[in-house]
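In our numbering, the protein residues as written are 23 to 120.
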């Protein structure tokens, strides 16, 4: 869970990585670049040379709510692998008293 306006880091660590890694959001591929084209608040961090592929989202909004997947591969010798994470964004809560 993430509060609106906060930052969230999704961590993906891959041992013995074969193939390239990328993140998806609700099935849409975010690409392989550290700066995510079209998503200025998203960026990849971590040391990819040791299999760290973190997605950082700053200034979280309700539109960031969804399912994210870290995907690796496939290659000629390795099947694709992936792991999923769900981000739930908590908006402002308004309480009314009578």
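Beta carbons: idealized from backbone N, C-alpha and C, even for Gly.
Local conformation of residue i per DSSP, three classes
i           : result
residue 84  : helix
residue 106 : strand
Contact with chain B by residue i, beta-carbon distance below 9 angstroms
i          : result
residue 84 : Considering every chain present, this structure includes no chain B. It has just one protein chain.
Residue from the options with nearest C-alpha to residue i
i          : options           : result
residue 74 : 38, 25, 111       : 38
residue 62 : 107, 102, 109, 79 : 79
residue 86 : 113, 53, 34       : 113
residue 90 : 69, 104, 41       : 104
Rounded separation between residue i and residue j - CA only
i          : j           : result
residue 30 : residue 97  : 30 angstroms
residue 56 : residue 76  : 10 angstroms
residue 95 : residue 118 : 51 angstroms
residue 88 : residue 58  : 17 angstroms
Beta strand (DSSP E) segment containing residue i, residue limits
i          : result
residue 30 : 30-32
residue 46 : 43-47
residue 76 : 76-79
residue 65 : 64-67
Residue i, buried or exposed, once every other Cβ within 10 Å from all chains shown has been counted against 16
i           : result
residue 101 : exposed
residue 99  : exposed
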